[in-house]
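Under the working numbering, the first residue of the sequence shown is numbered 10, with each subsequent residue one higher. Idealized CB from N, CA, C, for every residue including glycine. To start, the structure itself, in structure tokens.
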Amino acid sequence: MEDPGRTNGSEEDVEAAFMATYRILRVRIEAFLALPLVASAGDHAQLQRELDRIGKLVP
10 MEDPGRTNGS EEDVEAAFMA TYRILRVRIE AFLALPLVAS AGDHAQLQRE LDRIGKLVP
């Protein structure tokens with residue numbers, strides 16, 4: 010995910026970059042919060058797979 014603060018262009022371009030980043034973060038945070046708490050205390054390999062999957066999510 011690129012830093013939207015480094016976006017060059019018009020005000021609309023910069024705003025679009027920030028909104029795109031916001032949407033990605035929102036999807037990933039919601040997926041993380043949806044993980045069952047048991048997953049974090051159990052199988053570490055499974056938790057890592059879930060975190061890797063979440064890290065690739067895009068809206």
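- The shortest CA-to-CA distance from Pro68 to any of Arg15, Asn17, Glu39 is the one to Glu39.
- Glu11 is the residue among Leu42, Leu60, Asn17, Glu11 whose C-alpha sits nearest the C-alpha of Ala29.
- In the DSSP assignment, Arg62 falls within the alpha helix (DSSP H) that extends over 53 to 64.
- Comparing C-alpha distances from Leu66 to each of Asp52, Phe41, Leu46 shows the shortest one belongs to Phe41.
- Counted as a single uninterrupted DSSP element, the alpha helix (DSSP H) harbouring Asp22 occupies residues 20 to 43.
- For Pro13, the secondary structure class from DSSP, reduced to helix, strand or coil, is helix.
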